[in-house]
Every structure is written in structure tokens, then in C-alpha cells.
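Just below is one structure, and these are the notes that go with it.
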Amino acid sequence: MTTKIKRLKKKKFSNTFIIIFAVVLNIVISLLMGHWSYSWLPIQASEAAHYVDNLFAFETSIGTFIFLGCTGTMAWILVFNRAPKYDESNGEPLEGNLKLEIIWTIVPLILVLAISTYSTRVNYKLENLGSKIKYDFGAEVPFVEEKKVFDYGPIDVISRQWNWEFVYPNGIRSSELHLPINKRSNFRLITEDVIHSFYVPAFRLKQDIIPGSVITYSLTPTKEGVFRLRDAMFSGAYFSQNQTNVIVESENVFNKWIKETVKKEPQNGLNPAGRLYEKRLKNGNRGWATVKPAPDPKVNEVGSEVRTHDS
Amino acid sequence: MTIVNYDPRLVKTKNPYPKGPNDWKRFFSFNTDAKVIGIQYIVTALFFLLIGGLLGMLIRGELITPPSDLFDPTVYNGLYTMHGTIMLFLFLFPILSGLTNLLVPPMIGAPDMAFPKLNALAFWLVPVFSIILLLSFFVPGGPASSGWWSYPPISIQNPLGKVLNGEMLWIIAISLSGISSIIGAVNFVTTIIRMRAPGMGFFKMPIFIWTVLAAQLLQLLGLPALTGGAIMLFFDLTFGTSFFRVEGGGDPVLFQHFFWFYSHPAVYVMVLPVFGIFSELFPVYSRKPLFGYKFVAVASFGITILSLVVWVHHMFYTGTPMWMRNLFMFTTMLIAVPTGVKVFAWIATLWGGNIRLSTPMLFCLGGLFNFIFGGITGVMLATVPVDIHVGNTYFVVAHFHYIIFNTIAFGIFAAIYHWFPKFTGKMFYEGLGKVHFALTFIGATLNWLPLHWAGLLGMPRRVASYDPEFAIWNVLASIGAFILGVASIPFILNMVSSWVRGKSAPPNPWKAIGLEWLLPSPPPHENFEEDIPTVLNEPYCYGLDKPFVEDEQFYIEKSLKKI
Numbered sequence: 001m002t003t004k005i006k007r008l009k010k011k012k013f014s015n016t017f018i019i020i021f022a023v024v025l026n027i028v029i030s031l032l033m034g035h036w037s038y039s040w041l042p043i044q045a046s047e048a049a050h051y052v053d054n055l056f057a058f059e060t061s062i063g064t065f066i067f068l069g070c071t072g073t074m075a076w077i078l079v080f081n082r083a084p085k086y087d088e089s090n091g092e093p094l095e096g097n098l099k100l101e102i103i104w105t106i107v108p109l110i111l112v113l114a115i116s117t118y119s120t121r122v123n124y125k126l127e128n129l130g131s132k133i134k135y136d137f138g139a140e141v142p143f144v145e146e147k148k149v150f151d152y153g154p155i156d157v158i159s160r161q162w163n164w165e166f167v168y169p170n171g172i173r174s175s176e177l178h179l180p181i182n183k184r185s186n187f188r189l190i191t192e193d194v195i196h197s198f199y200v201p202a203f204r205l206k207q208d209i210i211p212g213s214v215i216t217y218s219l220t221p222t223k224e225g226v227f228r229l230r231d232a233m234f235s236g237a238y239f240s241q242n243q244t245n246v247i248v249e250s251e252n253v254f255n256k257w258i259k260e261t262v263k264k265e266p267q268n269g270l271n272p273a274g275r276l277y278e279k280r281l282k283n284g285n286r287g288w289a290t291v292k293p294a295p296d297p298k299v300n301e302v303g304s305e306v307r308t309h310d311s
Numbered sequence: 001m002t003i004v005n006y007d008p009r010l011v012k013t014k015n016p017y018p019k020g021p022n023d024w025k026r027f028f029s030f031n032t033d034a035k036v037i038g039i040q041y042i043v044t045a046l047f048f049l050l051i052g053g054l055l056g057m058l059i060r061g062e063l064i065t066p067p068s069d070l071f072d073p074t075v076y077n078g079l080y081t082m083h084g085t086i087m088l089f090l091f092l093f094p095i096l097s098g099l100t101n102l103l104v105p106p107m108i109g110a111p112d113m114a115f116p117k118l119n120a121l122a123f124w125l126v127p128v129f130s131i132i133l134l135l136s137f138f139v140p141g142g143p144a145s146s147g148w149w150s151y152p153p154i155s156i157q158n159p160l161g162k163v164l165n166g167e168m169l170w171i172i173a174i175s176l177s178g179i180s181s182i183i184g185a186v187n188f189v190t191t192i193i194r195m196r197a198p199g200m201g202f203f204k205m206p207i208f209i210w211t212v213l214a215a216q217l218l219q220l221l222g223l224p225a226l227t228g229g230a231i232m233l234f235f236d237l238t239f240g241t242s243f244f245r246v247e248g249g250g251d252p253v254l255f256q257h258f259f260w261f262y263s264h265p266a267v268y269v270m271v272l273p274v275f276g277i278f279s280e281l282f283p284v285y286s287r288k289p290l291f292g293y294k295f296v297a298v299a300s301f302g303i304t305i306l307s308l309v310v311w312v313h314h315m316f317y318t319g320t321p322m323w324m325r326n327l328f329m330f331t332t333m334l335i336a337v338p339t340g341v342k343v344f345a346w347i348a349t350l351w352g353g354n355i356r357l358s359t360p361m362l363f364c365l366g367g368l369f370n371f372i373f374g375g376i377t378g379v380m381l382a383t384v385p386v387d388i389h390v391g392n393t394y395f396v397v398a399h400f401h402y403i404i405f406n407t408i409a410f411g412i413f414a415a416i417y418h419w420f421p422k423f424t425g426k427m428f429y430e431g432l433g434k435v436h437f438a439l440t441f442i443g444a445t446l447n448w449l450p451l452h453w454a455g456l457l458g459m460p461r462r463v464a465s466y467d468p469e470f471a472i473w474n475v476l477a478s479i480g481a482f483i484l485g486v487a488s489i490p491f492i493l494n495m496v497s498s499w500v501r502g503k504s505a506p507p508n509p510w511k512a513i514g515l516e517w518l519l520p521s522p523p524p525h526e527n528f529e530e531d532i533p534t535v536l537n538e539p540y541c542y543g544l545d546k547p548f549v550e551d552e553q554f555y556i557e558k559s560l561k562k563i
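Structure below.
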């Protein structure tokens, strides 16, 4: 009798030990995954990036813990609770456990409350989005007074099917977006046709550009380099060509670029979609229907289609 | 009150065909038998799974290399639009309607659906709009190519300026699909509320019935928004109205609200019945009662209600104000709570069970495994700052394929295998089923797991060409897609050969509890005919020594044709 109780106690002890060991191991792996998750993301090149990445790492850790907790339990069951061949008997008839069910309702509730509070805070810290003003589409884009603080701008970001054009406060036009480092730059996001999206992965920022509305937007680049700007809202036939570069420069280099570009005569800017469409026409206009690409923008700074980017 | 007398021939027919013998022609007629309609839906849908899958492989063929070299980008856009449309409206919705048709009447002890003719009408709309949609490949200018969202202004640009164009046919097809689903939903909801067997109170219904009720109510609440939006889009495209046309003062963002008000809940319309399938199958193959039946049942309605107030999470970066983003982030994350209740209940059901890894169980376990992963990436996407980075990238594509294929389609395959003997009267081949599972699991994982990293690095979705740094993830994904294509071979082989010459199935091959398992395989036309059983308990009392129905032995013997 006493030996049976002892054996039971021993079994209970070893079970507790296994559970503690598994939980500790899971916590360690989850923290490592959170740490590792930074390497899955592009270079951090704006002030938003490290907030986003920290949030993502936090969620990766929690997610890994839950994923391994659930699937580890499943694996355990598959190893130890398999029915032998021809055994059709029933398992333990457990119908439920109110305490357990309440726990697994409350704990996820607290978790999602924590995550959404954390990210609401990040939202208020970043505040990239300014105002969205509707105007008569086709008429001149109205001036919008930006109530938020910024250091440089506003730069007009003009998106089209399928090229980008950037107009600086002193009137120069460019096919690539040059920005001074560590200055909060302000933009007016404008589209001339359909919805586009201003997306720079290295900045971790994305904002749709809505026809008939002008949207103001601010961000602070924090790293020098060349980063891809990609249209992220499907915009038709040559959507995947609708990309250009953001070039973040030190203040001196940037000011020098502005001074030199003012002197340049306007010429045809980057328009890879236009080139592809010309090629298509030359090959007999095969394929399904598309609207014609917008003509080449007339810009002071043409930029380069073959520039290598950092991310 | 008039008493309807059944045609005695009808009661005696071996196969569910009122006007004739065991006749394959019944599947090609305007048949009003829910079991025939169910099979019609499923077979049609599986055919479109093949077409949609073929388009998917073409997409992956284009994306295996960075430049756009296999098709012209316009063709690529048409192919991916049709891939999404076919998979959702011609495969997933119809196949779930099919399973619902097959399972609801037998599971609740009803002879048929409440409105059999309406039911047949709902099905026959499927081939009609399918043909309309497929015809759009052949109109000048090609099919719709603005994505399955069909956002204006891109969807109403109509480059050739012709009245008849792919986009127009697309809108007509989608509206008809919506009408078909609304008709189906009216039918399912009425049947479940009015035609349950005596004794089957709401808290004695199978979980599958709970989830169907939750899903179909969601259809009724949400679909009118999409169908209305689609009709306005049709007017803008064809008659030049300005609901969404900016030049006339319309607002394109309005369409996004109409669209997502339904189309986010649509995911739950599809996933809820699959949760029902998981809840039915885990108890059977682990020989244990469903853990926390009532919690699991009520959680379905928690998901229904919450899913109506989350749609703006698709629009976090369209210029939505801050308070709205924060609010919808919170409501979206709340869905994790009832969903978590279900996941934990399934794992607790498995715990300490007597697990049998048959093909349906493998698909369920694989589906649950994938769903836990897809659910976690879903919470990440609900987080506004993270979504602003990964939204509209391949991270989203990977996430929703983890839900829509790796969970929903896995659950559908599990259901097809599990109930195949019941409704065809034949057993399938276990070995081929396991090969199908292995190939599907490997292919699906290889296809969609790597794409998460492409998205994190900033590869936008819907691109026909991409920067070379994303190549590695895309090569892996394409290999996975081709493996998935191969996986369809053992499945088709299994289904066709088993149905034609498989071993005869006993009434209850899996020793499962449930009204449908008290019927012969295949069930007669009117299911229980005059002897509707009285239900005493919910159908999960494995090892509990609680009787399921009154006089169970009578039904078992009747199903074995001993009476």
C-alpha cells in the first residue's frame, strides 16, 4: 500500500519535473526566436523601424511560446497516446474542466489586451499620418496646412500608373526621393489615377494614396543609404515596375544635391513601365488589355534605374 | 393539417433517387435531394479546385524567377485574379455548401432540407456563374485583372471601353454567387432551427451544426453589403454612375468598406464549419468526449459577433484615423479569445485519448497544427504598426493561405475522407489517403512557410516581377506548389477507384456517435423515414455510458438491415 502511494508520488513528482523543464525550455526558445526575429527584417532606416521591430519581436516570442506549447503537447500526445492496433477502446472520458476553461479564456484576453495597449502606445508615438483632405479630382491639389511638427517639406509625392515623381519645396522635380537624415520630412501624397501605396520597407512605413484626397505624412529617416520605395497597392498592368529609390543623405550632401539639381534642365525621368509598354507594342501588342502608362515625367533629377539598394 | 404520404417506392429505394434505380443520371438533374445536391456541390467544387490549382501553379511558375518572363504582366494579373476568385467562389464556398447539405439533415434527423427546390436552385446557380466567370477568359481584353478585391478605380478603368468586358462578367458572376449563398443560408438556418429530431435541444446539437448555424447567420448578415457593393460597382463600370468614381465625386474607399464588411466575415463563414469538422473528428479518433462542449459551442457565436466588427483591419493604411485603427485592432485581437477556447478544447480532447492516425485524423491534426501557426500570424497582422509594415506583402499572402488552404482545405479533406463511406457506401484506400496527406502537408508547408520571410523583407503581393533578393523564398514556394499539384493525383485516384469498386462500407465504420452513423451507408432518401430517433445526449459521450438516443439498438439493427 505504502509503496503504491510512494510510486504515485514519485510519478507525480517526475510529471511536475517534466512540465517545469518543458516550460523553461519553451521560454528559452521563445526568447531566442524573438531575438532572432530582428534578422528577418530589412535594415532599420527610420525612427519607426525599431518600434515596429521591437513589437514584432515581442509578438514572435509570445507566438513561439504558444505555438510550441500547443504543438509540443500535440507531439507528446501523438507519441504516448497512440492506440495499439485493433484497440478500439475509449480514452479517459473527461467532459471538461470549468477552471481550466476559464483560465484559457482569461489568459488570452489579458494577452491581447497587453499587446493592443502596447501597440496603441507605439501608434501615438509615431503619428506619421497627418490629415486627409478631399478635393475635386483633376483640379489643382489644395494647400494643406500640416498641424504636426516637421523639419523639412512639404515634398509632393506624385504617384501614377506607373511612375513616381517628387516635387521639392523650391520646385525641383526628381524621379528618386532624396531625404536629409534625422530630419522629420513632411509629404503631401497625391495620385493622378488609381490607388497607390507609398511603401518603404526599410522605414517600416506604408500609406495608401487615395484619388480625390491629399494625405499629409511625416517620417524621420535615421540611416544613410539607398532604400526601395515600392508601390504596395495593386495598381494595374505594370504594378510591379512601380518602384523607385529613396536616398537618405547627410544634411550637407542633401543641401548640395538641392543646389546642383536646381541648375539642371528638366528631362525625361524614370519610367520603366513606359519602356516595357513600348516593347509590348513593338512585339505586336499581345497580352490582355491595359491602360496606357503615363508619359515620362519631366524632372530635374533623373536618377538611376540600376542603382544598387541597401534594402 | 394535411398528412403527406410518402411514395412507397421512394422509401424502399436503395439509393437516394426518388424516381428510379441506382442511376448516375440523378447527379445531372434538378434533383431536390440534399444528399444528391451535396455530392453535386462537392464534385463541381473539386473540379474547380483543379482549375484554380492549375492557375496557382502558373502563378508560381512565373514567380520562380525574379523577372516577368513567362507571361505578359497583364496576363499574370488576370491569372492571379481568377485564381483567387475561382478558389473562393467556385471551390471553397460550394464545397462547404456541399458538406453542409450532406451532413445537416442526417445529423439532426431531418428527412431533407426545409426548402428542397430552393436548395437545388442554389446549387444550379453554381454552374451558371462558373461558366460566366470562365467565359471571361475569352472576351476581348481578357478576364478581370484587378484582384479578387476588385477595388475601384482600377476595376472600373475598362481600358478597351467595351460594354462587354472581363470585369463586368466577374461582377455578374460574384453577384450570382452571392445570391446562391443567400438562398443556401436561408435554407440551412431554417432547417437547423425548425427540423431537429425530438429531444435535440440546442445544447445537444453536434458542434458542426452549431458552426453551420453561426456561419450561415453570418452570410445573411454580411452578404447583402458585398452584393450591394458589387451592384454599385457594376453601375459605375457599365453605366458610368459615380458611387466610387472619383471624377464624379464618388469615394473609392467606400467600396472597401462594403467589400470588407462581408469579405472578412467570409473567412469565418469558411473556417467555422471546419472548426465544426475538427470538433466532430477529434472525439471519434481519440475515443474521448469533446472537451468543454458548451464552451466550444458558444465560442462559435462569439466568433460570429466579433467578426462583424473587425473589417477595418484591412484598411489600416488607407488613411483611417488613429482612434479607428486602435479600436479595430482591439476587436480583431479579441477574436483570438473564442478561437483560443476552441484550439485548447481540441488539444484537451486529444489529451489522454486513444489516438488512431487514420487519414481523416491526419488531415485534422495537420489542419490544427497549421491553424495555430496561421492564428498567431493573424494576431501579428492585427497589430497596427506591424501591419503597416507587412500589410499588402507576401506575409499576408502566406498568412491567409495558412488559414484558407492549410486549415480550411485540410479540414475539408478530413471531412471528405471521414464521411466518404457514409454517403457513397464504399470504403476508401487508407494507403493512398496517407500518401495524399503526406504530399499535401509537405507541399503546403514548403509553399507558404517561406513566403512569410519574403513579406517581412518587403516583397509586395500581386507583383509579376520582383527584386532578386526575394528569389530564394520564391523558388522554395514554387517547388511546394508543384508538390501540391502532384498531391492531387493520389486523391483523385482514391476517390474515383474507391467509389467505383471499393469495399462496401458498414453503417458505422469508425464506431462514431452521431445520428448519421445510425443510418445505413448510403442513407435512404428520407434518412430516418418514419422512425425519427429521440435524442438524449450530445453526440460525444465516448466511454461515458450515457445513451445517445432512445432505443439505440433498434436503429443499429435497422441500419444493418436486420429489421
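Protein chains in written order, with my numbering: chain A, 1 to 311; chain B, 1 to 563. C-beta atoms are modelled at their ideal positions from N, C-alpha and C, and glycine is treated no differently. Source: prediction; values computed, not measured.
Counting the other Cβ atoms within 10 Å of the Cβ of Leu78/A gives fewer than 16, which makes it exposed. In the three-state DSSP reduction, Asp231/A falls in the strand class (E or B). Under the three-state reduction of DSSP output, Gln243/A falls in the strand class. Annotation: Ser150/B is outside any alpha helix (DSSP H) and is labelled neither H nor E by DSSP.
For Ile174/B, no Cβ of chain A is located within less than 9 Å of the residue's own Cβ.
By the Cβ rule, the stretch 185 to 193 of chain A counts as touching the stretch 153 to 167 of chain A, because three or more pairs are nearer than 8 Å. Counting C-beta atoms within 10 angstroms of its own C-beta, Ala477/B has 16 or more neighbours from the protein chains shown and is therefore classed as buried.
The alpha helix (DSSP H) runs lying completely inside the stretch 114 to 176 of chain B and spanning 4 residues or more are 116 to 135, given in chain order.
Each of Thr304/B, Phe295/B and Gly292/B was checked against the Cα of Leu272/B, and the nearest Cα belongs to Thr304/B. In this structure, the straight-line span from the alpha carbon of Met427/B to that of Gly433/B is close to 11 Å. The criterion of a C-beta distance shorter than 9 Å is satisfied by Arg228/A and Val246/A.
Using a CB distance cut-off of 9 Å, His83/B does not count as an interface residue toward chain A. Neighbours of Met333/B in chain A, taken as residues at a C-beta separation under 7 Å, are given in chain order as Val112, Ile115 and Ser116.
Apart from sequence neighbours up to five positions away, the residues of its chain that approach Tyr199/A with a beta-carbon distance below 6 Å are Lys206, Arg230 and Ala232, ordered along the chain. Exposure of Ile492/B is indicated by the presence of fewer than 16 other C-beta atoms within 10 angstroms of its C-beta.
For the stretch 43 to 70 of chain A, residues whose beta-carbon sits nearer than 7 Å to a beta-carbon of chain B comprise Tyr51, Val52, Leu55, Phe56, Glu59, Gly63, Ile66, Phe67 and Cys70.
Within chain B, the residues whose beta carbon sits less than 8 Å from that of Tyr238/A are Pro73, listed in sequence order. Among the residues of chain B, none has a CB under 7 Å from the CB of Thr244/A; the nearest is roughly 12 Å distant. In the three-state reduction of the DSSP assignment, Pro221/A falls in the strand class. Between Thr320/B and Ser116/A, the gap from beta carbon to beta carbon reaches 9 Å or more. In summary, the residues of the stretch 67 to 98 of chain A whose CB is separated from some CB of chain B by less than 7 Å are Phe67, Cys70, Thr71, Thr73, Met74, Ile77, Leu78, Asn81, Arg82, Ala83, Asp87, Glu88, Ser89, Asn90, Gly91, Glu92, Pro93, Leu94, Glu95 and Gly96, in the order they occur in the chain.
Residues of chain A whose Cβ lies closer than 7 Å to the Cβ of Pro252/B are, in chain order, Ile195, Ile210 and Pro211. Spatial neighbours of Pro143/B in its own chain (CB-CB distance under 6 Å, excluding positions within 5 residues in sequence) are listed in chain order as Gly78, Met82, Ser136, Phe137 and Gly166. Pairing Ala297/B with Phe528/B gives a Cβ-Cβ distance that is not under 9 Å.
With a 10 Å radius around the Cβ and a threshold of 16 neighbouring Cβ atoms, Asn31/B comes out buried. Rounded to whole angstroms, the gap between the alpha carbons of Val214/A and Pro142/A is 8 Å.
Within chain B, the residues placing a beta-carbon under 9 Å from that of Ser235/A are Ile154, ordered along the chain. Excluding residues up to 5 positions away in sequence, Pro338, Val341 and Lys342 lie with their Cβ nearer than 7 Å to the Cβ of Ala299/B in the same chain. At a cut-off of 9 Å between C-beta atoms, Arg188/A does not count as an interface residue with respect to chain B. For the pair His389/B and Val246/B, the Cα-to-Cα distance works out to about 28 Å. Boundaries of the beta strand (DSSP E) around Trp164/A: Trp164 to Val167. Interface annotation, His35/A: not in contact with chain B, CB-CB separation never under 9 Å. DSSP places Arg501/B in no beta strand (DSSP E) but in the uninterrupted alpha helix (DSSP H) bounded by Ala471 to Arg501. At least 9 Å separates the beta-carbon of Thr71/A from that of Glu176/A. Between the stretch 97 to 107 of chain B and the stretch 29 to 44 of chain B, the count of Cβ pairs shorter than 8 Å is three or higher; the stretches touch. Going by DSSP, Asp208/A is part of the beta strand (DSSP E) stretching over Leu205 to Ile209.
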